[in-house]
Amino acid sequence: MTTPLKFLQHYSPTLQDKIRQMQAQGLLGEYIKQRYPQQHSIQTDKALYQYSNEIKQAFIRNAPPLDKVHYDSKLGIEHHALGLNTAISRVQGVKLKAKKEIRISSFFKQSPAEFLRMIVVHELAHLKERDHDKAFYQLCQHMEPNYHQLEFDCRVYLLWKNEATDGSE
319 MTTPLKFLQH YSPTLQDKIR QMQAQGLLGE YIKQRYPQQH SIQTDKALYQ YSNEIKQAFI
379 RNAPPLDKVH YDSKLGIEHH ALGLNTAISR VQGVKLKAKK EIRISSFFKQ SPAEFLRMIV
439 VHELAHLKER DHDKAFYQLC QHMEPNYHQL EFDCRVYLLW KNEATDGSE
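Quick note on this note's numbering: the sequence shown kicks off at 319 and runs consecutively.
Dropping the structure here:
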């Protein structure tokens, strides 16, 4: 039995074998570049906030407002988190105010545009659905109909980038 591929262990063995073959032939990068030739231009926290808010307003207007969206250089593959959605509660007088914050790994500054959208959609969905359940993924697909394919391809991209940086796997 072969070892499951990092980032792809929840996919079928057949699919993993196809990716493993591509990896052995050095074709992962070519696969990604062919499917996703465009990098995005969203490089600042301000632009990321605006981008995220536009998606939120288009699909989940009644979700709590976003107080902050920014790139975080501390999030990455090695921390098993590419994005985080947090609510920071503060007492203001007699009220408890929750500030909604989304942090996206700085890794996505240099990614294809579609992968940034996928991770933003994923974190926005957490504003309404906390768990990774059926309702959560339905909401992700509502905001991005190609969500599942993008998530898979993003995992292939992570495998390729991880392979390039540490030479293993």
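Every residue gets a Cβ at the ideal spot worked out from N, C-alpha and C, and that includes glycine. Predicted model, so just to flag it, every value in this text is computed and none were measured.
Q. CA-CA distance, residue 437 and residue 480?
A. Straight-line Cα distance between these residues: approximately 18 Å.
Q. Would you say residue 390 and residue 429 are within 9 Å of each other, going by their C-beta atoms?
A. Inclusion of residue 390 and residue 429 in the CB contact set at 9 Å is not warranted, their separation being larger than that value.
Q. If we count Cβ pairs, one from each stretch, closer than 8 Å, do we get three or more for the stretch 406-414 versus the stretch 437-446?
A. Not touching, per the Cβ criterion.
Q. Out of 413, 353, 445, which has the shortest C-alpha to C-alpha gap to residue 379?
A. Relative to the Cα of residue 379, the nearest Cα in the group 413, 353, 445 belongs to 445.
Q: Specify, as a first and last residue, the run of the beta strand (DSSP E) that residue 421 falls within.
A: From DSSP, the beta strand (DSSP E) with residue 421 extends over 413-423.
(Q) My output table needs one value for residue 451: the three-state DSSP class, helix, strand or coil. (A) In the structure shown, the three-state DSSP call for residue 451 is coil.
Q) So, using beta-carbon positions, are residue 470 and residue 354 closer together than 9 Å? A) Their beta carbons are not under 9 Å apart, which means residue 470 does not touch residue 354 by this criterion.
Q) So the alpha helix (DSSP H) residue 349 belongs to, where does it begin and stop? A) In this chain, the alpha helix (DSSP H) harbouring residue 349 covers 346-353.
Q. Which class does residue 408 belong to by DSSP, given the choice of helix, strand or coil?
A. Three-state DSSP puts residue 408 in a strand.
**Q.** For residue 418 and residue 385, believed in contact at Cβ under 8 Å, the rounded distance
**A.** Between residue 418 and residue 385 the Cβ distance is about 5 Å, and since that is below 8 Å, they are a contact.
Q.
Excluding the 5 residues flanking residue 345 on each side, which residues of the same chain have their C-beta closer than 8 Å to its C-beta?
A. If we look at residue 345 and ignore the five residues flanking it on each side, it has no Cβ neighbours.
Q. So what does residue 402 bridge to, in DSSP terms?
A. Beta-bridge pairing links residue 402 to 421.
**Q.** Cβ neighbour criterion (16 or more within 10 Å) applied to residue 401
**A.** By the neighbour-count definition (other C-beta atoms within 10 Å, threshold 16), residue 401 is a buried residue.
Q. Would the beta-carbon of residue 422 fall within 9 Å of that of residue 387?
A. The answer is yes: Cβ separation under 9 Å.
Q) Given that a residue counts as buried once 16 or more other Cβ atoms are within 10 Å of its Cβ, and exposed if not, what is residue 415? A) When all chains shown are included, residue 415 counts as exposed.
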